[in-house]
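Participant:
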Amino acid sequence: MTDASPTAHDVYLFHEGCLFQSYQLFGAHYQELNGEKGFRFCVWAPHALDVRVAGDFNNWSGKLHAMDKVNDQGIWSLFISDLAEGERYKYEIMTESGDIQLKSDPYAFYSEVRPNTASITYDLTGYTWHDQKWMKKLKAKPIYEKPVFIYELHLGSWKKHSDGRLYSYQELTDSLIPYVKEHGFTHIELMPVIEHPYDRSWGYQGTGYFSPTSRFGTPHDLMNFIDQCHQQHIGVILDWVPGHFCKDSHGLYMFDGKPVYEYQEAHDRENWVWGTANFDLGKSEVHSFLISNALYWAEIYHIDGFRVDAVANLLYWPNQEERHENPYAIGFLKKLNQKMNEAYPHVLMIAEDSTDWPDVTRPAQEGGLGFHFKWNMGWMNDILKYMEAPPGQRKSLHQLVSFSLLYAFREHYILPFSHDEVVYGKKSLLNKMPGDYWQKFAQYRLLLGYFTAHPGKKLLFMGGEFAQFDEWKDTEQLDWFLDTFPMHQKARVFTQDLLRFYQISKILYENDHRGSSFEWIDVHNDEQSIFSFIRYGKRSGEALIIVCNFTPEVYHQFDVGVPFYTDYIEVLNSDNKRYGGSGQINGKPLQSRKGTLHHKPCYVTMTVPPYGISIMRAVKRRGEIK
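According to my numbering, the sequence shown is numbered sequentially starting from 4.
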């Protein structure tokens, strides 16, 4: 054993909340010291009387491997020579009361497969990345001007073996990536892959923030999965949970017998709803831990973005009858986003925020929280409430569709149809739709079409692409057998065509963060529940005309105001027989006529499909686009 004390500078920065690569100091690191090879261990346990390293290599008795206390603030360090990669270990901590407890390493890079809980020594170096073209491409254009259509998934239930075994990272590389590519998604969003003890927490109650879960393989296996995604031009976003953590005895909770990572007072510490503990975001060392963690995933795993979970639970103090702002959490979020933007400006920071907090996506240095995007939960709640209503009642709920455009450009939004909306009795997107079998599919296609045409980036939970009929069952794989049913086959074809259309239609994404990209044609037709609007591109004359009919009625010879005196061709119609529709399409170019309608100088006469969306593009055939 040889002393391997951290530098005074690193120690100072850690306690100041500014050691943003603290994973290089803490945890178990393979290195050579004074001619000896082994692992250096470092841990923060400020209230401990003694800390030792216990593992298979000493028969789980830490007496032979007592750590040296580096400073009065409780950093402990030890170098153990001749220690190999793959050794199981924990920290044996003597608390102030004299109790001994075994804790997993908060900075462990690898962990045992649950239900076992030991940390494992692992050398993260040695993987060779091949995603240089992808990384260069990320910096070529602002994300706001790029297509973003995210496939949200839970790795444990996307697909399973017939005997119930989980797919490995390698098997997911071979099957999931081609699937995502085939369907036209631009990004994958993984529900949390940090180590967690309970499968049904879906990763949101973690114990190992630096340890990708071993359920699916090794850290290098995950690196390869992400690398292969990038080589196929697919970005990878992680769900990330800086608000609260699991209370299992081997984890962060009461790490050295007293609150270390969590708030001191139970009223602030306990997250009664989720049975977890809230991070103490007023503690500088917790800032070093969490901000380092985000930087770690970007640096070591080339992650392209983070969906920050439960921001509402951060912005306001928990367990309060009234909302009271939490200044520590607000300061933390601004600091997090500033540091991420400085180090990795191309890495997306996305807020899952259900509040009306202002300026969430405004830069922190300008007074905002500094996120790139915010989930538009209001739009999602409104449109689903509208779609679940019987068509005869929709005219009285007309404002649920129109309201989102009053605020659509105040923030940079992602429109989410996430796992939260299709689990535990909430029904799938398809089954939320009223009516008979055919009507459900027609309205499902209409919903996805409107979702795609509405300003904002997109997120769709797995199964939504083929119209999963049942809600998400987190202990089972998706209902892949549905692909043998014609309507589900056609639903998948519609999704593929829709996403392909989205990716080639710059009008739908290049300018969608600006108010100039959208204009209502007719927002007042509540009697027929028909909405029509225009999506404008960045260049003069670029326009898509979108008409959405939220009733089962078919309208022939229906007049719609248009902005240019030219021809219009229908480029997508959800009622096409190819998708399982009734075939009420506009197969020939529509010639506009001069005459004011809906405050537009011209109009076209078209067929409006039942429960359908029709998208038309202006084409330069009449010579008068201006």
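Glycine residues also receive a C-beta, built at the ideal position from the N, C-alpha and C atoms.
Hey, how far is the Cα of Asp525 from the Cα of Ser535?
Facilitator: In this structure, the alpha-carbon of Asp525 lies about 5 Å from that of Ser535.
Participant: Ignore the nearest five residues each way along the sequence and tell me which others in Glu545's own chain have a CB closer than 6 Å to its CB.
Facilitator: The beta carbon of Glu545 lies closer than 6 Å to those of Ile510 in the same chain, with the five residues before and after it left out.
Participant: How many angstroms separate the CA atom of Pro419 from the CA atom of Ala313?
Facilitator: 14 Å
Participant: Helix, strand or coil for Asp6? Go by DSSP, reduced to three states.
Facilitator: The predicted model places Asp6 with a pLDDT of 48, which falls under 50 and marks its position as unreliable; any figure quoted below should be read in that light. Correct three-state label for Asp6: coil.
Participant: Taking DSSP's pairing of strands, which residues face Pro215 in a bridge?
Facilitator: Ile197
Participant: Judging by CA-CA distance, which residue of Gln208, His327, Leu298 is the nearest neighbour of Gly278?
Facilitator: Gln208
Participant: Are the beta-carbon atoms belonging to Val557 and Ile618 less than 8 Å from one another?
Facilitator: no
Participant: Can you look up Tyr512 in the DSSP assignment and give me helix, strand or coil?
Facilitator: coil
Participant: In whole angstroms, what is the alpha-carbon distance linking Glu627 and Lys603?
Facilitator: Here the model assigns Glu627 a pLDDT of 48, short of 50, so the residue's position is not dependable and the matter cannot be decided.
Participant: So within the segment 275–335, which uninterrupted alpha helix (DSSP H) runs reach at least 4 residues, ignoring any that extend past its ends?
Facilitator: 287–304, 314–318
Participant: Hey, Lys461 and Val151: beta-carbon distance below 8 Å or not?
Facilitator: yes
Participant: For the beta strand (DSSP E) containing Arg43, list its first residue and its last residue.
Facilitator: Arg43 -> beta strand (DSSP E) spans 39–47.
Participant: Buried or exposed for Gly452, please, with buried defined as at least 16 other CB atoms from any protein chain shown within 10 angstroms of its CB.
Facilitator: buried
Participant: Using CA atoms only, rank isn't needed, just tell me which of Leu400, Arg448, Gly466 is closest to Ser421.
Facilitator: Gly466
Participant: Quick check on the DSSP output: the alpha helix (DSSP H) that includes Ser178 runs from which residue to which?
Facilitator: 172–186
Participant: Looking at the structure shown, is Phe227 part of a helix, part of a strand, or coil, going by DSSP?
Facilitator: In the sequence under discussion, the amino acid at residue 227 is Asn, which differs from the Phe named in the question. Here Asn227 sits in helix by DSSP.
Participant: Evaluate contact between the segment 115–135 and the segment 426–446, counting only Cβ atoms and requiring at least three cross-stretch pairs below 8 Å.
Facilitator: no
Participant: Report yes or no: do three or more beta-carbon pairs, one from the segment 336–351 and one from the segment 383–399, lie closer than 8 Å?
Facilitator: no
Participant: Among residues of its own chain, excluding the 5 on either side of Leu284, which ones have a beta-carbon nearer than 6 Å to its beta-carbon?
Facilitator: Tyr331, Ala332, Phe335
Participant: So Ser431 and Gln480 are in contact, right, with Cβ under 8 Å, and what is the actual spacing, rounded?
Facilitator: Actually they are not in contact, since the Cβ atoms of Ser431 and Gln480 sit about 15 Å apart, beyond 8 Å.
Participant: Look at Asp71 and Ser64 and say whether their C-beta atoms are less than 8 Å apart.
Facilitator: no
Participant: Does the count of Cβ pairs from the segment 86–97 and the segment 182–197 closer than 8 Å reach three?
Facilitator: no
Participant: From this set, Phe504, Trp483, Asn514, Pro555, which residue's C-alpha is nearest Ser165's C-alpha?
Facilitator: Trp483
Participant: Measure the C-alpha to C-alpha separation of Cys21 and Ser291 and round it to an integer number of angstroms.
Facilitator: 6 Å
Participant: Please name the residue in Ala494, Asn379, Pro612, Thr498 whose C-alpha comes closest to that of Val550.
Facilitator: Pro612
Participant: In the DSSP assignment, find the unbroken beta strand (DSSP E) run with Pro489 in it and report its ends.
Facilitator: Not the beta strand (DSSP E): Pro489 falls in the alpha helix (DSSP H), residues 489–507.
Participant: In three-state terms, what does DSSP make of Leu481?
Facilitator: coil
Participant: Are the Cβ atoms of Thr221 and Tyr110 separated by less than 8 Å?
Facilitator: no
Participant: Could you tell me which of Thr610, Lys338, Asp259 sits nearest to Ser100, measuring between CA atoms?
Facilitator: Asp259
Participant: Within the segment 95–154, note down every full alpha helix (DSSP H) run reaching 4 residues or more, in order along the chain.
Facilitator: Listed in chain order, they are 135–141.
Participant: Which one or two residues does DSSP pair with Leu463 in a beta bridge?
Facilitator: Tyr154, Phe420
Participant: Using CA atoms only, rank isn't needed, just tell me which of Asp102, Gln34, Gly129 is closest to Asp85.
Facilitator: Gln34
Participant: For Ala69 and Ile123, what's the separation of their Cα atoms in angstroms?
Facilitator: So the two alpha carbons sit approximately 18 Å from each other.
Participant: Using 8 Å as the cut-off, can you tell me whether the segment 574–588 makes contact with the segment 486–506, which would need three or more C-beta pairs spanning the two stretches below that distance?
Facilitator: yes
Participant: Would you report the Cα separation of Leu179 and Pro145, rounded to the nearest angstrom?
Facilitator: Distance between the alpha carbons of Leu179 and Pro145 is about 27 Å.
Participant: Could you check where the alpha helix (DSSP H) with Val14 kicks off and where it finishes?
Facilitator: It spans 11–19 - the alpha helix (DSSP H) in which Val14 sits, taken as one unbroken run.
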